[in-house]
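Undergrad: Pasting a structure here, questions to come.
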Amino acid sequence: MKTARTLEQRLILLLSSNGGLGYFPWAPGTVGTLAGIPAFWLLARLSAPLYALTWVALLFLACWVAAGAGRLYGVVDDRRIVIDELVGYLVTVAFLPFSWTTALLGFVFFRFFDVVKIWPASWCDRRMKNGVGVVLDDVAAGIHAALALRLCLAWIS
Numbered sequence: 000m001k002t003a004r005t006l007e008q009r010l011i012l013l014l015s016s017n018g019g020l021g022y023f024p025w026a027p028g029t030v031g032t033l034a035g036i037p038a039f040w041l042l043a044r045l046s047a048p049l050y051a052l053t054w055v056a057l058l059f060l061a062c063w064v065a066a067g068a069g070r071l072y073g074v075v076d077d078r079r080i081v082i083d084e085l086v087g088y089l090v091t092v093a094f095l096p097f098s099w100t101t102a103l104l105g106f107v108f109f110r111f112f113d114v115v116k117i118w119p120a121s122w123c124d125r126r127m128k129n130g131v132g133v134v135l136d137d138v139a140a141g142i143h144a145a146l147a148l149r150l151c152l153a154w155i156s
């Protein structure tokens with residue numbers, strides 16, 4: 000028998016899945032990261048302090064909904080939880096002007112570093128079994144991807 004979900008639970012599941020992208024049957028993390036491209040397009044218009052403030056608010060929201068969704072699913076880092084990919088991708092492209100080149104290269108670099116999980120992402124992934132850990136491993140991957148993206152953009156310009 001299916002249990003009825005409260006409005007708060009439904010909101011947590013909606014947000015944690017980036018509006019349902021996390022329910023995609025194949026590579027939900029990759030599909031969930033796609034939400035970052037329109038978010039980047041919107042946030043790139045902001046001043047650096049407002050971008051940072053918005054990102055920090057999203058970080059806290061992501062930690063809360065990732066923890067809540069993990070409890071609802073019964074798995075801390077369930078594959079349907081992809082709001083962490085959004086937060087990590089936005090680290091990758093932070094403070095850069097929007098262009099399709101930047102958006103797509105950032106996407107590729109972020110997905111690479113999210114899968115490879117270079118330290119400290121690997122440490123967060125293995126040791127922090129809660130909503131904060133779910134999000135922070137993607138933030139760490141986003142920092143690695145941001146460095147790679149900026150080197151690549153400097154090289155091609």
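In numbering that gives the first Met the number 0, the protein residues as written are 0 to 156. Ideal placement from N, C-alpha and C gives every residue a C-beta, glycine not left out. Fair warning: this is a prediction, and the values are worked out from it, not measured in the lab.
1) Tell me the residue span of the alpha helix (DSSP H) that contains V240.
2) Between which two residues does the alpha helix (DSSP H) holding I159 run?
3) Whose C-beta lies closer than 8 Å to the C-beta of P96 among residues of the same chain, with five residues either side of it excluded?
4) Would you call S46 buried or exposed, if buried means 16 or more other Cβ atoms sit within 10 Å of its Cβ?
5) What's the C-alpha gap between V64 and I36?
6) Report yes if the CB atom of D77 is closer than 9 Å to the CB atom of G69, and no otherwise.
7) Counting along the chain, where does the alpha helix (DSSP H) carrying R186 start and finish?
8) Our contact map puts L104 next to L148 with C-beta atoms below 8 Å; I'd like the distance itself, whole angstroms only.
9) For T5, which residues of its own chain have a beta-carbon under 7 Å away from its beta-carbon, when the five flanking residues on both sides are left out?
10) Does DSSP put V86 in a helix, a strand or coil?
11) Output needed for W54: all residues of its chain with C-beta closer than 8 Å, excluding positions within five of it in sequence on either side, in chain order.
TA: Looking at the atomic coordinates:
1) Shown here, the chain extends from 0 to 156; a query on residue 240 therefore has no answer.
2) For residue 159 there is no data in the structure shown, the boundaries of the chain being 0 and 156.
3) Taken in chain order, the residues that qualify are A43.
4) When all chains shown are included, S46 counts as exposed.
5) Cα to Cα, the separation comes out at about 21 Å.
6) D77 is a Cβ neighbour of G69, given a cutoff of 9 Å.
7) There is simply no residue 186 to check, as the chain begins at 0 and stops at 156 in what is shown.
8) The Cβ separation is near 6 Å, so the contact holds.
9) Non-local beta-carbon contacts of T5 in its own chain, meaning distances under 7 Å to residues more than five positions away in sequence, are absent.
10) For V86, the three-state secondary structure derived from DSSP is helix.
11) So the qualifying residues of the chain are L42, V86, L89, V90 and A93.
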